[in-house]
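Colleague: Going by the working numbering, the first residue of the sequence shown is number 1003, and it counts up by one from there. From the three backbone atoms N, C-alpha and C, an ideal C-beta is built for every residue, glycine too. Predicted model only: the values in this text are computed from it and were never measured. Following this message is one structure expressed as structure tokens.
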Amino acid sequence: MKNNKLATERIYRLFELANENKDYSKRYIQLAKKIGEKTNTKIPKELKKTFCKKCLSLEIKKIEKNPFLIIKCEKCGFEKKYSLN
Ligand SMILES: [Zn+2]
């Protein structure tokens, strides 16, 4: 089984906590990633688009540029492109 349901729930919860406690958001996201790796669970797509892959900041800007969605980090400037489809 690739996606562990319990792990996914924990990942969602950690992201909730990260959004509630911005001072510790990096830690929560790190932990969520660790759970994902340990349990071989992917971080849900919708969550992946809410933080910077490089510095794990939640302060990102979403720019829609058909056919892409660009996630730009306001902290380190890192950009990640996602397909809108
Ligand atoms: Zn960043």
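Can you give the Cα-Cα distance for I1073 and C1057, rounded to whole angstroms?
Modeller: On the sequence shown, position 71 is the one that residue 1073 refers to. On the sequence shown, position 55 is the one that residue 1057 refers to. Computed Cα separation, rounded: 13 Å.
Colleague: Cβ of S1059 within 7 Å of any heavy atom in ligand 1?
Modeller: Against the sequence shown, residue 1059 aligns to sequence position 57. Yes, the beta carbon of S1059 sits closer than 7 Å to at least one heavy atom of ligand 1.
Colleague: Is it the case that the segment 1009 to 1025 contacts the segment 1037 to 1049, given that we only count it when at least three CB pairs across the two stretches are under 8 Å?
Modeller: yes
Colleague: The beta strand (DSSP E) spanning F1070 covers which residue range?
Modeller: Position 68 of the sequence shown, counting from 1, holds the residue named residue 1070. That run of the beta strand (DSSP E) goes F1070 to C1075.
Colleague: Report whether the distance from the Cβ of K1064 to the nearest heavy atom of ligand 1 is below 7 Å.
Modeller: Reading the sequence shown from its first residue, position 62 is the one you call residue 1064. No, since every heavy atom of ligand 1 falls outside the 7 Å radius drawn around the Cβ of K1064.
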